[in-house]
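Remarks on the structure that follows.
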Amino acid sequence: MFNQKISWGSVAGIGFLLSVASGVKAAEMHPKQTAQFQQIEQPLAAKAGVTLGGLGLIGLELWWFVFSKSKSRQAESNQGVQELTIIVDGGYEPARVIVSAGKLVRLNFMRRDRSSCLEKVVLPDFHIAQDLALDRVTSVEFTPKQPGNYAFTCGMNMFRGVIEVQNEGV
Ligand SMILES: [Cu+2]
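Here is the structure:
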């Protein structure tokens, strides 16, 4: 919740920066009287364009971050095992997994991403560090005892997901 507020604040901040930047760009358009002004006009416009492009990308990234955060999936109970497949491709999908406490969880990591960044998945709270084979499913099993949020990350802690453990019987 708190993180989401921060993210929306950042989006609003970027919106403000964008409006300032476009205001600056509009102001540049006016002085066309001398050759001097025309000479520096193009690099400035290019700079503004690059800046706007960069800000736009940051905005997109934040948007993706906020959007992807809301995606969660509940593990399906199957013969006493809570099972869920997680696609590993430029991150984790879903990145938020909901399970119940006190029952065995089996997460099936399907690694599609070739980058070495995602070759390992780490669940520090459950003392798991598992190598993931490319284009194959690698399962990780553990039994969460206490409700709460537990992280799973790539080997370098760059990509993150959350296992939300709810009370038994939920
Ligand atoms: Cu990584």
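The numbering used here applies: residue 356 is where the sequence shown begins, and numbers increase by one. Ideal Cβ placement from N, Cα and C applies to all residues, glycine included.
The set of residues with CB atoms less than 5 Å from any heavy atom of ligand 1 reads, in chain order, Cys472, Cys509, Met511, Met513. According to the DSSP assignment, aspartate 486 belongs to the beta strand (DSSP E) that extends over 483-486. No Cβ-Cβ contact shorter than 8 Å links arginine 491 with isoleucine 453. Under the three-state reduction of DSSP, glycine 409 is assigned to helix. Rounded to whole angstroms, the separation of the alpha carbons of isoleucine 518 and lysine 458 is 14 Å.
Between the region 397-412 and the region 429-447 there are fewer than three C-beta pairs closer than 8 Å, too few to call the two in contact. Contact annotation, glycine 510 with glutamate 474: C-beta distance approximately 7 Å; criterion of less than 8 Å satisfied.
Residue state for leucine 478 is assigned as strand, using DSSP reduced to three classes. Closest in alpha carbon position to leucine 487, among Leu399, Ser470, Asn522, is Ser470. Valine 476 and proline 398 have their C-alpha atoms some 45 Å from each other. Cβ contact annotation for glycine 445 (same chain, cutoff 7 Å, sequence separation greater than five): Asp468, in chain order. The beta carbon of isoleucine 441 lies closer than 8 Å to those of Tyr447, Glu448, Pro449, Val452, Leu462, Asn463, Phe464, Met465, Gly516 in the same chain, with the five residues before and after it left out. Under DSSP, phenylalanine 507 forms a beta bridge with Gly516. For proline 479, the closest of Cys472, Pro499, Leu489, Thr493 by C-alpha to C-alpha distance is Pro499. In the assembly as shown, valine 405 is an exposed residue. Its beta-carbon has fewer than 16 other beta-carbons within 10 Å.
Going by DSSP, glutamate 431 is part of the beta strand (DSSP E) stretching over 431-433.
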